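Okay, structure first, notes after.
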Amino acid sequence: MAHKWGLVVDLDRCTGCEACVVACHAENNVPTAGADQAARGRAKHWIRVERYWEGDFPNPKIRFQPVLCQQCDEAPCEPVCPTYASYHTPEGLNAQVYNRCIGTRFCANACPYNVRFFNYYNPQWDKPLNLQLNPDVSVRTVGIMEKCTFCTQRIKAAEIQAEAEKRELKDGEFTTACAQSCPSKALVFGDLDDPTSQVAQLSSSNRGTKLLGELGTKPNVTYLERGTWENATHG
Amino acid sequence: MTMERRDFIKISALSGALATLGGCRSAEKQLIRFVPEEELIPGIATWKPSVCTLCSAGCGLQVRVMQGEAEVVRRGQQGLIKMGLAKKLEGNPQHPVNQGKLCARGQAGLQVLYNPDRITQPIKRTGPRGSGEFQPISWDDAQKELLSHLTALKSANGANSLAFLSRPLSGQRHELIERFLHAYGAPPAIWYEPFDEAVLREANLLSFGHARLPTFDLARADYVISFGADFLGAWNSPVAQSIGYGEMRQGRPGRRAKFVQVESRMSQTGANADEWIACRPGTEGAFALGIAHVILSEKLAPQGAGSRAGALISGWSAGLPDYTPEAVEKQTGVPAAVIKRLAHELTQNGLAAALVGGAPLAESNGAFTALAVNALESLVDTGHGSAPLLSFTPDPPVETSGSPAGESHTGIRALVSAPPQLLLLYDANPVFAAPPGLQVRDALAKIPTIVSFGSFIDETSAQADLILPDHAPLESWLDSVPESGSSRAVVSLAPPAVLPLHDTKPMPDVLLGAAHQLGGDVAKALPWSTYDAMLRAAYVPLRTHGGSIDAKTDDDFWDAIQAQGGWWGAVAPAQPAAPEKQAPITAPEVAAASGDYPFYFLPYPSQAFGDGSLANLPWLQELPDVLTSAMWSSWVEINPKTADRLGIKHGDLVEIASPQAKVQAAAILSPGIAPDMVAMPAGQGHENFGRFASGRGVNPLSILEPRSVGDSGALAWASTRVKLARVAGPEQAKLVLFAGGMSGFPHEPEPR
Amino acid sequence: MRIPLGWQKWLLLIAAGAFAWALVKIVLPAPGLHASSQSSYVTTGVFTPAHPDAYAAIKDFLDIHPEHPVQPIAYTHTVHLAKGLPCTFCHVGVDQGPEARIPGVNVCMSCHQSIATDKPEIKKIAAYKARGEEIPWVRVYNYSDSAHVRFNHAPHIRAGVDCATCHSDLTKQTTAERKVNLNMGFCLNCHTQKKVSVDCETCHY
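Chains as they are written, first to last, in my numbering: chain A, 13 to 247; chain B, 13 to 764; chain C, 26 to 230.
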């Protein structure tokens, strides 16, 4: 059965705790920039939690919004890559092929979500922090663009396992690092082509929107709007 | 003269080739590869249970272990060895507290194990105290020296001059240390944490009969009002509370709980509130009682609700006449109409709960505030036919010596006023976190011998004479008994997930070894040679108590508890009980901010570092603070109108001065803070805590007044008042933001 | 182009060499694996995926590897395979996970603590084990780091691909040698024939 991977971000459940951010770093060998490089804008957070303030004291309002690669069906980063390093896989992922990347950074320029991160220098880990590196994920070198892959290594491991056991993948059998860690279950990952999957059902919620959907990027990430208090009893 | 193109090309090629040869180095000295100490199939992960120790919530972990190659020292020789390495931490899906989930700090636990600044072997001080000059010594010598200090002290009749200062521990580690001290003849241990919850525990004992942190079943809630408790951030059991929060919002189709947060500075938790109410600092108790007044006078709650906890508040039985909405409006600044509306909402929307924690309990009137909110909680959380949302995690039926945890700052004051002859230190850092006014650093200088078991040099352990470094948590036998976050009794227990990387020894084993050598009562009290033997003796009796493990023999049980990551009992939450009769309490006044020090000062436990003990983990340093996006920095949150008045622009270097001391940091203009308050995250400002934390930022705890909450001895860390002034421009302030260009917040600078 | 001759030529040569050397040092810095300082009680040293020097970078890029790698023990696949040992007897895990790996000295000694103990090569193995040392085998099968390719043995073994397909007939080899050119074309040929995924991200992620 073909799969189409998608994610739902429930903004009513998200608490802004950023467990997803650290989980992603741990899973995907995302390098730590350090204070100096971070000051130059080179910190990499494949998923980040944005916050939007409105109003003034004593009635300020703030909204949290986790942002990651939207794995767009009409990804603006794909047509601009001269070496076809950024391309769309049959399972709906926007893949980044590290060995093809020559570092033009056109893709980051084209991306409206600002979710692509460039390796301006070879990353370093003070030993023995490198012992934590995940052997299932490449360690990117200088000149390579990187971004969220929907934990493609976990997708592949699950698919290979299912194939070995001669069965279909089950919804919830595996998930991305960010969704696995999220305490309030704001992130839900799964197969959009499986109508019984949780992600497919949540994606069709009437609270669902797409980030910058008006640009026509057709993201595979659906954001569920944060609720408001209606001053009424509930049933 | 000229040359032909070909010659030029030849010369360039030659010089290029010579350059690359210049890059050639003689082959690096080949490191030998040791035979592995465990059999692992490369490329295949095994998952092992463990316990998270980065905060006191006690969540259960599972650790992804895969074979990798590590540089180690074996038999004095450097080399490489293939061993199981911890690659990823996840929550243990079976654990009742965190149910498979894990917070940002827990995820960073891997960087404790593989931290480059971990002490790799026993060391002995060679230079003056605090100079950082240590020399490695062997474990034999180190343990002999520890024993000689202990023996000498005992034979000189100085047993009561032994002190043990540690971060709070539960389970058998707590037991081991307390039994050792008791049998030795020393006073009980000092369990120190900077933001401890002694005030809340005491209040819960008075209001509900349980001296412990509360457990709220938020998943069933319809209405939650929190007075200052950062329950989605760093307070109490954040993962368990966040799980419940997610469910109360979107876990029940057609039913969404309302959440109201009352505080003076918008916290990460407060950002999620449907309604955020700013209340004058120190008046949260009055606010709660104003709501209670309306409920009582309009009879919105069932007859007799809240009367037990309410009896602790003077005037409750008369309907709280001093707390009319109009009177409370004057005190708190919250409009009377809001107080009345909340009273109706709390009682007319299903299951409700009132929480209290954080800064309101760290003001000088914190004890009263806790009792007031507890009274409101018992008034509104009546369960409506089912169980109330508030309960208390029951104790597992495990034999303990029953010594209650002392309050942190009382213990520190005792240590300072009567410095012991021998101080044993484990992962507590009062030199950094306690107010300088308590004079901890000077007191340590008076202690003749200090021995540390911690894994890192920090401001306190830098004063040690001898360091016997513990294993990292993932290398250790771990157990903990969570105080809250579950409706079942929980014992978390796990064997080591990975073999030790360095030449360290488990602290419990070192103490057990010393106990055995000391002989007499101490050896009798602790008749085990290794910690896992002690754990087995303590927990195997749980087999006959049912719960999550069904085993026929003790051996089977012991295997099962290790495989599961612990034992948990049947669901049996301890309900709020009838408290002892106490004299009703009236509200003490809180000193306002005025005169020379016109700002309330709020040093809050930070999202990344908690109380500062996690500042040496690079993932957490680089984690953008969710409200400001700041990384690797300290900052001061200032109301924009206040900043305008004082000529402070976003990013400027400002100085915060209390009567005790002052610090300087970058200003961040925030609409989420009251105009007469400034706030700073705690955790940075270490002078000596490894390469990632040292010399970075400033420590807001260093300007705190050493004032107590009432008579309790707990530190009133929210009671300091400060003055504020601009010092210099942004180039001096060195604020690092991740999201320079994220739009929406009008006060952020334009992207570069 | 007017380029000077005489002493200016040598000046130009030295300047060009110095510039190129400086460029190499800047672009490809950083030490690789090396012995850390023993006197410190914290860990020193840095791990980086960068090549240690330009020479290593060029070797990696051009896939320069020794044709007949010299191994510390004169191991013969011929002898062991002739005795009927399956590949998986020593290369454990190849049907479960990504790696085949060279077996450790414990695997050798599991038989050779009693078999052929008088042979000099076996004595060498026993000596390594006695010292607690692994045999320092030279790795033969590798992908270049810059390919960022993640090969996974298990699906191939499960699909019935014979070890000899990629590793050539080891019944005719003593120590392993790369007789099959494992370039991407080789992989794609088989994948196309067997109608298995040729999507880039299958292997490059």
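Glycine included, C-beta positions come from ideal geometry on N, C-alpha and C. Predicted model only: the values in this text are computed from it and were never measured.
Can you list the residues of chain B that residue i reaches, using a CB-CB cut of under 8 Å?
i	result
ARG54(A)	Within chain B, no residue comes near ARG54(A); the closest Cβ sits about 10 Å away, beyond 8 Å.
PRO161(C)	GLN42, ILE44 and ARG45
Residue i to residue j, Cα distance in whole Å?
i	j	result
GLY709(B)	SER641(B)	15 Å
ALA726(B)	HIS421(B)	6 Å
HIS246(A)	ASN361(B)	Residue confidence for HIS246(A) is low, a pLDDT of 31 falling below 50, so the modelled location carries little weight and cannot support an answer.
CYS163(A)	GLN672(B)	50 Å
LEU658(B)	ASP664(B)	11 Å
THR654(B)	PRO687(B)	6 Å
VAL522(B)	LEU547(B)	15 Å
ASN386(B)	VAL392(B)	10 Å
ASN110(B)	VAL502(B)	12 Å
ASP334(B)	LYS746(B)	49 Å
ARG264(B)	SER217(A)	14 Å
SER606(B)	THR732(B)	12 Å
ALA14(A)	ASP88(C)	36 Å
GLN89(B)	PHE569(B)	40 Å
HIS37(A)	TRP631(B)	8 Å
THR295(B)	LEU332(B)	15 Å
VAL493(B)	LEU181(B)	9 Å
PHE176(B)	ALA526(B)	14 Å
GLN576(B)	ALA82(C)	47 Å
GLU204(B)	ALA374(B)	The sequence as given places Tyr at residue 204(B); Glu does not occur at that position. Taking the straight line from one Cα to the other gives about 16 Å.
PRO447(B)	PRO718(B)	6 Å
ARG86(B)	LYS94(B)	13 Å
TRP644(B)	SER706(B)	11 Å
ALA191(A)	VAL34(A)	12 Å
Going along chain A, which residues have a C-beta under 8 Å from residue i?
i	result
GLY55(B)	PRO147
Should residue i go down as buried or exposed, given a rule of 16 or more other Cβ atoms within 10 Å for buried?
i	result
VAL368(B)	buried
TYR96(A)	exposed
CYS123(A)	buried
ASP491(B)	buried
VAL95(C)	exposed
GLN343(B)	buried
ALA39(B)	Any reading at ALA39(B) must be qualified, since the residue scores a pLDDT of 42, below 50, and its modelled position is unreliable; no value is offered.
MET278(B)	buried
LYS197(A)	buried
PRO539(B)	exposed
Using the beta-carbon of each residue, which ones in chain C are nearer than 8 Å to residue i?
i	result
ARG130(B)	VAL67 and THR68
ALA176(A)	ALA179, PRO180 and ARG183
Going along chain A, which residues have a C-beta under 7 Å from residue i?
i	result
GLN119(B)	ALA31, VAL34, ALA35, ALA38 and SER193
PHE299(B)	The contacting residues do not exist; PHE299(B) stays about 14 Å from chain A at best.
For the ligand COA, any of its heavy atoms closer than 7 Å to the Cβ of residue i?
i	result
ALA151(C)	Of ligands this structure carries none, so the ligand COA is not represented either.
Give the interface partners of residue i over in chain C, defined as CB-CB distance under 7 Å, in chain order.
i	result
ASN134(A)	ALA55, THR73, PRO74 and ALA75
ILE135(B)	TYR66
GLY48(B)	The question names Gly, yet the displayed sequence has Pro at residue 48(B). By Cβ distance, chain C contributes GLY129.
Closer than 9 Å by beta-carbon distance: list the chain A residues that pair up with residue i, in chain order.
i	result
GLU92(C)	Those do not exist, as GLU92(C) stays about 25 Å from chain A at its closest Cβ, beyond 9 Å.
At 7 Å on the CB atoms, spell out the chain B contacts of residue i, in chain order.
i	result
GLU202(C)	Within chain B, no residue comes near GLU202(C); the closest Cβ sits about 22 Å away, beyond 7 Å.
Give me the chain C residues within the contact set of residue i, using Cβ-Cβ distance strictly less than 9 Å, ordered along the chain.
i	result
THR161(A)	GLU226 and TYR230
PHE146(B)	TYR66
Margin query: Against chain A, which members of the region 259-271 of chain B pass a CB distance test of less than 7 Å?
Written below: ARG261, GLN262, GLY266, ARG267, ARG268 and LYS270
Item checked: Near-chain B residues of the region 118-148 of chain C - C-beta to any C-beta below 7 Å -> GLY118, GLN121, GLY122, PRO123, GLU124, ARG126, GLY129, VAL130 and ASN131
Check: Which full runs of the beta strand (DSSP E) of 3+ residues lie inside the region 489-558 of chain B, going along the chain?
Finding: 490-492 and 500-506
Next item on the list: Note down, one range per segment and in chain order, each beta strand (DSSP E) of at least 3 residues found wholly within the region 193-262 of chain B.
Entry: 235-239
Next item on the list: Closer than 9 Å, Cβ to Cβ, to anything on chain B: give me those residues from the region 185-206 of chain A, in chain order.
Entry: ALA189, GLN192, SER193, CYS194, PRO195, SER196, LYS197 and ALA198
Item checked: Residue ranges of each beta strand (DSSP E) within the region 128-154 of chain B, 3 or longer -> 135-137 and 146-148
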